[in-house]
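Protein chains in written order, with the working numbering: chain A, 256 to 515; chain B, 7 to 379; chain C, 73 to 379.
Glycine included, each C-beta is placed from N, C-alpha and C at the ideal position.
Reviewing the structure listed below.
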Amino acid sequence: MSLLETRGLTVRFEGLVALADVDVAVGEGETVGVIGPNGSGKTTLFNALTGLYRPAGGDIVFRGTSVAGVEPHLIARLGMARTFQSSRLCLQLSVFDNVLAGMIAARRTGVLEAVVWRDRARAEMREALARATHLLGLFNPDLPARGWERVGRLPQIDRRRVEICRALAAAPALLLLDEPSAGMSPEETRELMKDLQIVRDERPGLSIVIIEHDMFVIEGVSARVIALNYGRKIAEGSFAAVVAHPLVREAYLGQERTHA
Amino acid sequence: MIVVLVTEALVFVLVVAGILAERPRALMLTAVAGAAALAVPAAVPRVRATLARAFDEHRVVALVGGAVGALALPFALRGSPYWTFVATLALLYVTIGQGLNLQIGTAGLINLAGAAFAGIGGYTVGLLTVSAAWPPWLAVMVAPLVAVAVGTVLFVPILKTRGHYLALVTIAFVFIFNVLMNNFEFTGGPQGIKNIPTLTLFGHRFTTAPRLLGVALPAHANFYCACLLVATVTTIITRRLHDSWLGLALNTLRDDEIAARCCGISITRAKITAFCVGNFFIGLGGALYAVMVGFVSPPDFDFGYSLVMLSVIIIGGVDSIPGVVLGACLLVPLPERFRFLHEYRLLLYGLVIVLMLLYRPAGLWPAGVRRYR
Amino acid sequence: MPPLELLLQQALNGLMLGVMYALIAVGFTLFFGVLDVIHFSHGDIYMLGAFAGLTALAAATAAGVGSGVVALAFAFLASILVTGLIGVAAERLCVKPLARASPLMTLLATLSLGLVIREAVLIFYPRGADPKPFPRLLPQGGFEIGGVAVRYENLVILAIGLAAMIAVDLVITRTRMGAAIRAVAQDAEAAQMMGVDLDRTVDATFFIGSGLAAVAGILSGLYYSEIHFIMGITGGVIGFSAAAIGGLGNVYGAILGGLVFGLLQTMAAAFIPRGSEFRDVVAFGVVMLFLIVRPRGILGARTVERV
């Protein structure tokens with residue numbers, strides 16, 4: 256059984272059909288790439304999966320449970336984590352704060368421990384900070400030293416890493432990455448691919464779905480690729496098969512003109 | 007450690023001198039010294055860094071020193087019952103401010119009905135003690151819970167709406183509260199509720215002037231000590247909440263609600279918690295005010311006071327626990343000190359807030375990075 | 073069930089009040105449209121308009137033209153000009169610089185600015201704390217239609233208010249500046265890329281909104297025969313509520329919201345026991361309920377945040 260399965264997923268915005276009848280399946284430990292021109296519905300797919308959009312039709316089954324229309328925070332607690340295209344970090348908060356935010360849902364101490372029985376709260380915090388330090392250090396050994404700095408002061412590549420750490424901090428079963436290489440130079444993109452490898456090494460059983468425009472990244476990390484256009488799935492298969500698919504070529508390059 | 011103690015002693019002397027100095031020469035001297043004390047750390051980073059480090063390393067000493075100073079204040083002010091009262095009022099604003107700050111600063115919930123929730127606390131005490139003959143201590147403990155209950159009923163339905171709608175609902179509530187208090191007979195109408203009994207501790211009525219350590223203090227010193235205790239506990243509690251999972255969750259949802267939801271944070275739960283805890287302390291401030299002053303009336307809790315509470319937070323520092331303390335300690339006594347400016351008081355309030363927001367939005371004591379101590 | 077004549081009577085009153093509220097509400101909604109801000113000092117701009125009008129009338133009297141249409145016209149023009157300019161100044165000093173920051177900052181800044189304006193009038197206007205009598209310039213008396221007493225002053229106020237709203241509607245739908253305002257309201261970035269001067273458009277919006285508030289202020293003075301420096305607090309809250317009920321950002325919604333609020337208030341005052349004391353409670357209570365049930369307003373569009 257797949258970790259994640261969508262059947263006939265449809266999302267509408269007052270008349271505009273953003274996703275139409277999309278079937279996607281992701282198995283455990285799999286890395287699936289999602290490609291498609293701008294406006295093809297890739298981010299909409301992520302937003303529907305994470306519960307930010309309510310599907311107009313179809314179903315989403317995650318870890319055996321139907322999650323269509325479920326609140327985002329409940330879906331997150333089931334084990335789905337994501338990053339955002341325009342990195343949604345809290346820039347005024349520290350690096351540690353941002354990573355720890357991913358651990359809030361799984362916390363065991365509450366208000367009472369914070370105010371009265373502080374030893375338990377402090378112990379849990381120390382453990383959380385240690386985990387954050389470990390995660391940050393995987394990607395950049397200098398990051399934990401900057402843990403108490405405000406995230407806004409970090410360079411963009413480190414901010415992406417912090418966002419990935421926040422997602423990993425939740426110990427998810429499924430990680431959704433939305434265009435992690437957006438705005439990156441080629442060197443930074445190479446760094447990113449190393450980071451993705453680190454993620455796979457650190458969490459071998461983790462399933463990843465990655466939206467990308469950069470075909471190098473997609474080719475380098477995905478076992479399987481799905482292509483979307485105008486809200487519909489137009490191709491699925493290995494990277495080579497998908498990029499050679501006529502509908503995919505048409506989506507990116509336009510129709511081939513027959514020479515008269 | 008010497009640095010910490012000397013600084014605190016200096017601050018104490020300046021504060022007392024600033025309050026009590028009457029003769030022009032003494033006043034000038036204090037003003038100059040005070041200005042220098044503020045300007046030097048602000049302008050010279052070395053001094054600021056040294057101070058920050060010293061206070062950070064010797065936190066226990068700093069806190070004990072601060073406690074000693076706060077306890078010594080009524081002795082220094084024993085010649086002036088009026089200023090003892092003002093100092094107590096400042097402490098009430100610390101309590102209210104910490105509650106409001108949790109809502110506005112930490113959680114980003116725009117609550118402009120602070121005056122109404124304080125009013126609920128005050129009026130509940132009045133009604134319970136005068137109409138129902140409850141003992142004042144019990145009334146003061148129950149009143150904040152009433153404020154919380156009303157706030158929950160008011161607030162839960164609008165959790166999903168955007169920030170400025172919440173602002174509007176809270177403004178509407180302040181107005182409604184005022185009209186209702188003015189027009190219901192059982193709340194005393196425009197006259198309010200009079201003769202609210204004062205607190206007693208082991209037979210000592212709080213309206214009687216106490217003798218502590220052999221020194222005769224004005225009657226208000228009783229409430230000063232009680233309010234100091236409450237303000238301290240409130241500050242400790244809000245500080246611990248701020249540095250906990252709850253504080254982090256609130257900051258995250260304040261800065262980016264969508265990211266917070268996708269991290270698994272229950273926005274509804276976090277917002278309700280912040281709103282309720284905040285209203286508890288705001289109501290507590292109002293309740294203590296009622297027993298301290300002995301009567302409550304509608305003009306005591308109108309929209310203008312919501313703005314004063316707001317300015318304490320903005321000027322002190324949004325989401326800054328020490329900032330709120332500083333804000334209250336500056337904003338309550340200063341207008342009283344500059345009596346000749348009394349007419350211009352609100353005008354200056356408004357101007358200062360606008361200028362602060364334009365040029366120093368983080369406040370006088372900006373919130374530092376969370377340290378999870 | 074109260075008699076029909078009474079209902080119609082109150083409806084007429086309500087409409088008249090509603091027109092005044094609508095004029096303030098349109099300002100709120102325009103400002104929200106172009107800058108995405110709630111301009112909390114707009115209510116005090118309305119109060120400024122009333123005082124400016126009063127001052128203009130005093131000047132006219134001193135010049136010997138104290139009554140009649142000429143004086144009134146002068147008062148309106150002078151007040152619109154002065155209040156409009158002050159509105160623009162407020163926007164440039166205080167609103168636009170903070171528009172990029174969090175909504176909390178703008179809210180607090182504009183609230184405080186309102187306080188400053190209010191206190192300035194209190195302190196600097198001669199005997200500012202007292203309510204000031206406003207000259208009775210409207211024709212007195214009235215007539216009856218089928219048991220409903222219609223007063224001339226009601227009609228004049230309605231007429232002036234409607235004229236102002238029609239004028240604004242024409243500006244917004246038929247002029248280039250109006251098109252620019254609508255463009256910026258929809259998408260400021262795109263509008264700028266199309267060559268719209270953002271600063272000038274925002275200035276114009278604030279001038280128009282403040283000018284409308286000035287008209288409302290003078291109408292209020294004419295109706296109640298007095299103005300008071302605190303009239304902006306309730307005026308502002310009502311104006312904001314009306315704009316919110318109608319749907320923030322939608323000018324017709326603001327007009328509709330103003331009328332609804334005026335009717336609500338009048339009906340509550342007339343038909344609920346002890347209504348005149350509680351009329352504000354009823355009106356605000358309804359607003360609160362409305363925002364809980366349908367926060368986007370009657371004509372408001374559902375906004376989708378970009379993820």
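In the three-state reduction of the DSSP assignment, Gly128 (chain B) falls in the helix class, which pools H, G and I.
A straight-line Cα-Cα distance of about 34 Å links Ala232 (chain B) and Pro30 (chain B). With a contact defined as Cβ atoms closer than 8 Å, Phe112 (chain C) and Gly186 (chain C) qualify at about 6 Å. Within the same chain, Ala181 and Leu185 come within 6 Å of Cys166 (chain C) by CB-CB distance, once the 5 residues on both sides are set aside. Chain A places a beta carbon closer than 8 Å to that of Asn257 (chain B), counting this residue as a contact. With respect to the C-alpha of Ala192 (chain C), the residue from C:His300, C:Ile290, C:Ala355 and C:Gly307 having the closest C-alpha is C:His300. Within the same chain, Cβ atoms closer than 7 Å to the Cβ of Gly198 (chain B) are found at Phe301, Val302, Ser303 and Pro304, the five residues on either side in sequence being excluded.
No beta strand (DSSP E) of 3 residues or more sits fully in the stretch 156–240 of chain B.
With a cutoff of 8 Å on beta-carbon distance, Gly322 (chain B) and Gly310 (chain B) are scored as not near each other.
Pairing Ala32 (chain B) with Arg343 (chain B), the inter-Cα distance amounts to about 14 Å.
With its beta carbon at least 8 Å from every one in chain A, Val154 (chain B) lies outside the interface. Identification of chain C residues near Gly114 (chain B) by a Cβ-Cβ cut-off of 7 Å yields Leu176, ordered along the chain. The DSSP-derived three-state label of Ile481 (chain A) is strand.
Rounded to the nearest angstrom, the gap between the Cα atoms of Leu179 (chain C) and Ile110 (chain C) is 6 Å. The Cβ neighbour count for Leu35 (chain B), taken over all protein chains shown within 10 Å, is under 16; the residue is labelled exposed. Taken through DSSP and simplified to helix, strand or coil, Gly307 (chain C) comes out as helix. Those residues of the stretch 330–346 of chain A placed with their C-beta closer than 8 Å to a C-beta in chain B are Ala331, Arg332, Ala336, Arg337, Phe339, Arg343, Leu344, Cys345 and Leu346, ordered along the chain. Looking at the backbone, the Cα of Leu336 (chain C) and that of Gly86 (chain C) are separated by about 7 Å. Interface annotation, Trp251 (chain B): in contact with chain A, CB-CB separation under 8 Å. Bridge partners of Val302 (chain B) according to DSSP: B:Ile199. The alpha-carbon separation between Gln258 (chain C) and Leu235 (chain B) amounts to approximately 53 Å.
Boundaries of the beta strand (DSSP E) around Met335 (chain A): Met335 to Arg337.
Chain A has a Cβ within less than 8 Å of the Cβ of Arg267 (chain B). When DSSP assignments are scanned along the stretch 222–255 of chain C, the uninterrupted stretches of alpha helix (DSSP H) that are 4 or more residues long and fall wholly within it turn out to be 224–246. Nearest neighbour of Ala286 (chain C) by Cα position, chosen from C:Val256, C:Ala236, C:Ile305 and C:Asp271, turns out to be C:Ala236. Chain C has a Cβ within less than 8 Å of the Cβ of Glu349 (chain B). For the pair Gly509 (chain A) and Gly294 (chain A), the Cα-to-Cα distance works out to about 15 Å.
Think of a sphere of 9 Å around the beta carbon of Leu170 (chain C): the chain B residues whose beta carbon falls inside it are Leu363, Leu364 and Pro367, in chain order. Around the beta carbon of Ile481 (chain A), 16 or more other beta carbons lie within 10 angstroms, which makes this residue buried. Distance from the Cα of Ala280 (chain A) is smallest, within the candidate group A:Asn484, A:Phe494, A:Val464 and A:His468, for A:Val464. Straight across, the Cα-Cα distance linking Ser139 (chain C) with Ala280 (chain B) is about 58 Å. Residue contact with chain B for Phe123 (chain C): absent (no Cβ-Cβ distance below 8 Å to any residue of chain B). Residue pairing by DSSP places Gly72 (chain B) in no beta bridge whatsoever. Judged by beta-carbon spacing, Leu300 (chain A) lies beyond the 8 Å limit of Arg318 (chain A), meaning their Cβ atoms are not closer than that value. Three or more pairs of CB atoms, one per stretch, sit closer than 8 Å, so the stretch 280–292 of chain B contacts the stretch 141–154 of chain B. If you draw a straight line from the Cα of Arg351 (chain B) to the Cα of Val318 (chain B), it comes to about 14 Å.
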